[in-house]
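Peer 1: Under this note's numbering, the first residue of the sequence shown carries the number 58, and numbering increases by one thereafter. Backbone N, C-alpha and C define an ideal beta-carbon position, used for all residues, glycine too. In this text the structure is predicted, and so the values were computed from the model without any measurement. Sending over a structure as structure tokens; questions will come in a sec.
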Amino acid sequence: MKEEAKRYIRSRTKVLGRNSRIIKSTCKILVSPSRNPVRKHLFDAQVEFHTLPIKKRQLQRKLKNYTKKGRRYLCVFIKKIISEKTHKDRTIYGNDHLYNEVFGFWNHMLFTDKAHVDPTSQSQQPPLPPKPRRRSKTEMEEEYHHPIAEKEVSKPYAREIKVQGYSIPQKYYVEILLPTIEKIQKVDDKLWFL
């Protein structure tokens with residue numbers, strides 16, 4: 058009875074299902090640049106060129122298994138051909154703005170990847186106010202309002218923010234300072250900067 062009930066566990070390395078119709082040597086040929094002229098083409102084109110009895114997905118999977126995770130890679134950089142007119146316009150624009158300072162001229166430019174982007178659409182919305190605290194079922198009405206009242210009391214009072222450094226009020230500037238400067242300019246024609 059003991060021998061009859063014994064079950065054999067399959068090894069984890071054994072792949073279930075029937076064997077693939079493509080073998081390891083075929084995958085090595087497909088990866089080789091000298092033996093595969095369509096190596097950089099799509100998988101469908103390679104299957105059709107070599108008349109392989111499999112579909113694109115199985116070829117992709119077997120290339121990954123039998124080679125060092127072989128796959129097709131997209132080209133990272135393609136040098137675009139710029140027309141003579143565009144090259145000339147870019148050169149002229151670059152020479153015109155060659156000596157413009159970064160913080161003087163270019164900080165007013167908005168660089169985007171599209172020409173139709175509206176700069177005002179990028180302005181951020183004000184943050185939403187926090188949601189009020191939910192009252193638990195076991196909490197009484199007075200207990201619920203007590204922390205809220207404490208929170209209101211603990212808030213800082215509204216302060217008047219003053220600009221640090223030397224500052225003068227507008228009234229003083231208009232009524233006292235400007236008439237004095239006008240009188241001085243009648244006597245002396247030098248430029249006065251404030």
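#1: Can we say the stretch 104–115 touches the stretch 77–88, given the rule of at least three CB pairs closer than 8 Å?
#2: State the DSSP-derived secondary structure class of V231, mapped to helix, strand or coil.
#3: Quick one: what does DSSP say Q103 is sitting in, helix, strand or coil?
#4: Just to check my reading of the structure: C84 and K119 have Cβ atoms closer than 8 Å, yes? What is that Cβ distance to the nearest angstrom?
#5: Does the beta-carbon distance from V88 to G151 come in below 7 Å?
#6: Nearest-angstrom Cα distance between K137 and T143?
#7: Classify F100 as buried or exposed, calling it buried when 16 or more other Cβ atoms lie within 10 Å of its own Cβ.
#8: Under three-state DSSP, which class holds P90?
#9: Should K240 be labelled buried (16 or more other beta-carbon atoms within 10 Å of its own) or exposed?
#10: Between V231 and the rest of its own chain, which residues show a CB-CB distance below 6 Å, the 5 nearest in sequence each way excluded?
#11: What first and last residue would you give for the alpha helix (DSSP H) that runs through A206?
#12: So, at 7 Å on beta carbons, what are the nonlocal neighbours of P110 in its own chain, with the 5 sequence-adjacent residues on each side left out?
#13: Using alpha carbons as the reference points, say which of K121, Y123, R129, K71 lies closest to H98.
#14: So which of E217, H154, A215, P189 has the shortest CA-CA distance to I205?
#15: Along the chain, where does the alpha helix (DSSP H) containing Q182 start, and where does it finish?
#16: With 16 other CB atoms within 10 Å as the buried threshold, where does V104 fall?
Peer 2: Put simply:
#1: yes
#2: By one-based count along the sequence shown, residue 231 stands at place 174. V231 falls in the helix class under three-state DSSP.
#3: Counted from its first residue, the sequence shown places residue 103 at position 46. Looking at Q103 - three-state DSSP - the assignment turns out to be helix.
#4: Reading the sequence shown from its first residue, position 27 is the one you call residue 84. Reading the sequence shown from its first residue, position 62 is the one you call residue 119. Confirmed, Cβ separation roughly 6 Å.
#5: Position 31 of the sequence shown holds residue 88. Position 94 of the sequence shown holds residue 151. Their beta carbons are not under 7 Å apart, which means V88 does not touch G151 by this criterion.
#6: Locating residue 137 in the sequence shown gives position 80, where the first residue counts as 1. Locating residue 143 in the sequence shown gives position 86, where the first residue counts as 1. Cα-Cα distance, rounded: 12 Å.
#7: In the sequence shown, the residue the question calls residue 100 occupies position 43. That one is buried.
#8: What you label residue 90 is simply residue 33 of the sequence shown in a count that begins at 1. P90 falls in the coil class under three-state DSSP.
#9: Taking the first residue of the sequence shown as position 1, residue 240 is located at position 183. Exposed, since its Cβ has fewer than 16 Cβ neighbours within 10 Å.
#10: Counting from 1 along the sequence shown, the entry for residue 231 is found at position 174. Correct list: empty, nothing qualifies.
#11: By one-based count along the sequence shown, residue 206 stands at place 149. First-last of the alpha helix (DSSP H) with A206: 198–211.
#12: Against the sequence shown, residue 110 aligns to sequence position 53. The answer, listed in chain order, is R78.
#13: Start at 1 with the first residue of the sequence shown, and residue 98 comes out as number 41. Nearest C-alpha to H98: R129.
#14: Looking up residue 205 in the sequence shown gives position 148. When each option's Cα is compared against that of I205, the closest is P189.
#15: For the purposes of this step, residue 182 is identified with residue 125 of the sequence shown, where counting begins at 1. No alpha helix (DSSP H) contains Q182, which DSSP labels as neither H nor E.
#16: Here residue 104 is taken as the residue at index 47 of the sequence shown, counted from 1. Flag for V104 reads buried.
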